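K.L.:
Residue numbering for the sequence shown follows the numbering used here, starting at 15 and increasing by one per position.
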Amino acid sequence: MKLLVISLSLVAAFAPPKKTTWRDLDSTGYLFSFDQYCREYGKQYVGAEKERRSRIYYAALEQIKEHNTGNSTYKMGLSQHTDKDETEWKSLKGLHRGLLFSQTRVGAPERSRSLESLPASLDWREKGVVTKVKDQGGCGSCWAFSATETLESALAIAGGPLLELSPQELVSCAPNPKSCGGSGGCDGSTQPLAFNYTARAGEVLASSYPYEGSTGTCDPTKVKSPAMGIKGYVTLPTNDYAELMAAVVEQGPIAISVDASWGMYEEGVFTCADYETSLCGTTIDHAVQLVGYGTEGGLDYWLVRNSWGESWGEGGYIKVARYGATSKGEPCGTDSNPGEGYGCKGGPATLPVCGISGILSASSYPTGAFAH
């Protein structure tokens with residue numbers, strides 16, 4: 015009960031005021047028109063485009079209603095993304111994980127504590143080392159936001175200031191030499207590639223290189239004065255629950271990789287009835303930030319920060335079910351199409367993934383963060 019009270023208080027402390035919530039929808043029988051939705055989210059359409067968006071919206075609303083009337087550990091709701099089509103949803107993801115190792119990589123340190131000695135819950139937001147939730151827009155730059163957010167936290171934990179760094183610098187300037195699932199920028203890349211770039215060049219403030227939501231061309235005049243740097247980075251052992259738990263406690267927020275089949279999530283602990291076989295998705299196509307963990311309603315969860323704006327989820331965050339402490343342990347499956355998300359050209363045809371949404375599949379963090 016104490017953990018549940020803490021969890022609810024954190025939602026109140028960190029989540030911004032929602033607009034129309036799933037509870038509001040439920041109280042009206044899900045009678046919320048497309049025009050009402052457009053007014054609430056400042057959207058304007060005319061003619062055939064309005065008709066197209068309206069069809070998408072009402073189909074999504076019906077899915078939300080059907081899900082919420084069932085017995086699930088989480089609720090679906092509206093956000094600024096509800097009327098997006100499949101192509102636009104895909105553009106919100108841009109993880110191409112393939113290249114996980116580089117010359118600046120350092121080995122994962124030995125864990126200094128056993129799982130039993132770790133705290134029952136953790137939220138790095140409480141410690142003042144997490145910046146506000148961002149919105150990547152229609153660019154597949156999730157990898158750059160995941161990396162930048164983790165760099166910001168690493169610097170603050172190291173005793174430096176909590177800065178707003180520039181994901182646009184990574185989008186425009188960080189190379190992707192092996193075309194790991196894409197060509198870089200808005201076409202996708204990896205957090206280790208972002209850390210590799212930062213170890214060589216540092217990273218400037220967001221105010222020095224503002225976010226544009228497009229790949230663009232690297233502007234050398236904007237990257238002359240980096241605000242911080244790192245000495246290297248660590249990639250954690252793949253699909254290892256204990257290593258990820260220890261890392262988020264001992265190192266800070268971690269850049270992680272997932273199957274983001276959670277577009278209409280609003281609150282609660284995300285899982286699915288057939289999680290032991292499906293993992294609720296195994297195509298690793300999105301990069302996010304792990305900022306902690308806890309328990310809600312008797313179900314353990316990972317606390318994950320997304321980059322789809324504050325109107326999505328619990329103020330931009332999602333709780334993803336965590337089964338590592340149960341007798342069955344974390345479920346495992348196979349990503350049968352890594353080229354769709356994180357494979358490099360010429361890479362393996364399939365890859366093993368573990369955890370709900372494949373959350374244990376690829377995790378990394380920077381080391382030796384320092385301010386310039």
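Think of the CB as a built atom: it goes at the ideal place given N, C-alpha and C, for glycine as much as any other residue.
Predicted model, so just to flag it, every value in this text is computed and none were measured.
1) Please report the residue range of the alpha helix (DSSP H) in which D40 lies.
2) I'd like to know if the segment 212-221 and the segment 256-263 are in contact, where contact means that at least 3 CB-CB pairs between them fall below 8 Å.
3) Can you tell me where the alpha helix (DSSP H) with Q303 in it begins and where it stops?
4) Given this structure, state the Cα-to-Cα distance separating F115 from Q265, to the nearest angstrom.
5) Based on DSSP bridge pairs, tell me the residues matched to D149.
6) Among P380, T87, L92 and G43, whose alpha-carbon lies nearest the alpha-carbon of Y247?
7) Helix, strand or coil, according to DSSP, for P380 in the structure here?
8) What are the boundary residues of the alpha helix (DSSP H) that D49 is part of?
9) Can you name the start and end residues of the alpha helix (DSSP H) that T291 belongs to?
10) Using the C-alpha atoms, what's the distance from D99 back to A363?
11) Entirely within the segment 54-90 and at least 3 residues each: give me those beta strand (DSSP E) ranges in chain order.
12) For L250 and L365, what's the separation of their Cα atoms in angstroms?
13) With a CB to CB cut of under 8 Å and the five nearest residues on each side skipped, what residues in its chain are close to G347?
14) Would you identify the three-state DSSP class for W276, choosing helix, strand or coil?
15) Candidates A339, N351 and E324: which alpha carbon is nearest E130's?
16) Excluding the 5 residues preceding and the 5 following K16 in the sequence, name in chain order all residues of the same chain whose CB lies nearer than 8 Å to its CB.
17) Candidates Y44, A383, T34 and W36: which alpha carbon is nearest A213's?
18) I'd like to confirm the pairing. Which residues does DSSP put opposite L250 in its beta bridges?
19) Quick check on this structure: which residue in P133, E163 and G151 has the alpha carbon closest to the alpha carbon of G142?
20) Out of Y223, T204 and K64, which has the shortest C-alpha to C-alpha gap to S378?
21) Relative to the C-alpha of R66, which residue among V305, D97 and Y211 is closest?
22) Looking at the structure shown, is C346 part of a helix, part of a strand, or coil, going by DSSP?
23) Could you spell out the range, first to last residue, of the alpha helix (DSSP H) harbouring A188?
24) Taking the beta carbon of N85 as the centre, do at least 16 other beta carbons fall within 10 Å, making it buried, or is it exposed?
25) Assuming contact is defined by CB atoms lying nearer than 8 Å, are A274 and D233 in contact in what I supplied?
26) Which residue's Cα is closest to the Cα of C52: L45, G61, Y71 and T35?
27) CA-CA distance, N351 and W326?
28) Assuming K79 and G154 make a contact with CB atoms under 8 Å, what is their CB distance in whole Å?
29) Could you give the first and the last residue of the continuous alpha helix (DSSP H) run that contains A208?
30) Can you name the start and end residues of the alpha helix (DSSP H) that K238 belongs to?
31) Just grab the DSSP bridge partners of W316 for me.
32) Closest to T285 by C-alpha separation, out of N253, I332 and L45, would be which residue?
33) In angstroms, rounded to a whole number, what distance separates the CA positions of G198 and A208?
34) To which residues of the same chain is P240 closer than 7 Å at the C-beta, ignoring the five residues directly before and after it?
35) Restricting to Cα atoms, I'd like to know which of N82, V262, S105 and K104 is closest to P133.
36) Is the beta carbon of M278 closer than 8 Å to that of G91?
P.N.:
With the given structure in hand:
1) Taking the sequence shown and counting its residues from 1, one reaches residue 40 at position 26. W36 to S41 is the span of the alpha helix (DSSP H), which, as asked, contains D40.
2) no
3) Working through the sequence shown from its first residue, we reach residue 303 at position 289. Per DSSP, Q303 belongs to no alpha helix (DSSP H); it is in the beta strand (DSSP E), H300 to E310.
4) Against the sequence shown, residue 115 aligns to sequence position 101. Against the sequence shown, residue 265 aligns to sequence position 251. Because the pLDDT at F115 is just 37, under 50, the model does not fix this residue reliably, and the value given afterwards should be weighed accordingly. Those two C-alpha atoms are separated by around 19 Å.
5) As a working mapping, residue 149 is identified with position 135 in the sequence shown. In the DSSP output, where bridge partners are listed per residue, D149 has W322.
6) For the purposes of this step, residue 247 is taken as the residue at position 233 of the sequence shown. Of the listed residues, the one whose Cα sits closest to Y247 is P380.
7) Position 366 of the sequence shown, counted from the first residue, corresponds to residue 380. Strand, per DSSP.
8) If you number the sequence shown from 1, residue 49 lands on position 35. It spans F48 to Y55 - the alpha helix (DSSP H) in which D49 sits, taken as one unbroken run.
9) For the purposes of this step, residue 291 is taken as residue 277 along the sequence shown, with counting starting at 1. Y289 to S292 is the extent of the alpha helix (DSSP H) around T291.
10) As a working note, residue 363 is residue 349 in the sequence shown. As a working note, residue 99 is residue 85 in the sequence shown. Between A363 and D99, the C-alpha separation is close to 28 Å.
11) 88-90
12) Here residue 250 refers to the residue found at position 236 of the sequence shown. Here residue 365 refers to the residue found at position 351 of the sequence shown. One C-alpha to the other measures close to 16 Å.
13) Within the sequence shown, residue 347 is the residue found at index 333, counting from 1. For G347, where only same-chain residues beyond five positions count, the Cβ hits under 8 Å are T291, S292, L293, T296, P366, V367, C368 and G372.
14) Stepping through the sequence shown from its first residue, residue 276 is reached at position 262. DSSP places W276 in coil when its eight states are reduced to three.
15) Locating residue 130 in the sequence shown gives position 116, counting from the first residue. Minimum Cα distance to E130 is reached at A339.
16) Position 2 of the sequence shown, counting from 1, holds the residue named residue 16. Here K16 scores only 31 on pLDDT, less than 50, and its place in the model should not be relied on; the value that follows carries that caveat. Cβ within range, chain order: n/a, list empty.
17) Here residue 213 is taken as the residue at index 199 of the sequence shown, counted from 1. When each option's Cα is compared against that of A213, the closest is A383.
18) Residue mapping note: residue 250 aligns to position 236 of the sequence shown, counting from 1. DSSP lists no partner for L250.
19) Here the question's residue 142 lines up with position 128 in the sequence shown. Residue E163 is the option with its Cα nearest to G142.
20) Looking up residue 378 in the sequence shown gives position 364. It is T204.
21) By 1-based counting over the sequence shown, the position of residue 66 is 52. It is D97 whose Cα lies nearest to the Cα of R66.
22) The residue labelled residue 346 in the question sits at position 332 within the sequence shown. DSSP places C346 in strand when its eight states are reduced to three.
23) For the purposes of this step, residue 188 is taken as residue 174 along the sequence shown, with counting starting at 1. That residue, A188, is in no alpha helix (DSSP H); it is neither H nor E in DSSP.
24) Residue mapping note: residue 85 aligns to position 71 of the sequence shown, counting from 1. Exposed, by the Cβ-count rule.
25) On the sequence shown, residue 274 is found 260 positions in, with the first residue counted as 1. On the sequence shown, residue 233 is found 219 positions in, with the first residue counted as 1. No, the Cβ-Cβ distance between A274 and D233 is not below 8 Å.
26) To locate residue 52, count along the sequence shown from 1; it is residue 38. Residue Y71 is the option with its Cα nearest to C52.
27) On the sequence shown, position 337 is the one that residue 351 refers to. On the sequence shown, position 312 is the one that residue 326 refers to. If I take the Cα positions, the gap works out to 27 Å.
28) Start at 1 with the first residue of the sequence shown, and residue 79 comes out as number 65. Start at 1 with the first residue of the sequence shown, and residue 154 comes out as number 140. The pair is not a contact, with the Cβ atoms about 30 Å apart (cut-off 8 Å).
29) Residue numbering aside, residue 208 sits at position 194 when the sequence shown is read from its first letter. Looking at the DSSP string, the run of the alpha helix (DSSP H) that includes A208 is Q205 to A215.
30) By one-based count along the sequence shown, residue 238 stands at place 224. First-last for K238: undefined, no H or E at that position.
31) To locate residue 316, count along the sequence shown from 1; it is residue 302. For W316, which the question treats as bridged, DSSP gives the partners Y307 and V334.
32) For this step, residue 285 is matched to residue 271 along the sequence shown. Of the candidates N253, I332 and L45, the one whose C-alpha sits nearest the C-alpha of T285 is I332.
33) Numbered from its first residue, the sequence shown carries residue 198 at position 184. Numbered from its first residue, the sequence shown carries residue 208 at position 194. Approximately 10 Å, taken between the alpha carbons.
34) Mapped onto the sequence shown, residue 240 falls at position 226. Answer for P240: A215, G216, E217, V218 and H386, listed in chain order.
35) Here residue 133 corresponds to residue number 119 of the sequence shown, with the count starting at 1. Closest by alpha carbon: V262.
36) Here residue 91 corresponds to residue number 77 of the sequence shown, with the count starting at 1. Here residue 278 corresponds to residue number 264 of the sequence shown, with the count starting at 1. Cβ distance < 8 Å, so G91 and M278 count as in contact.
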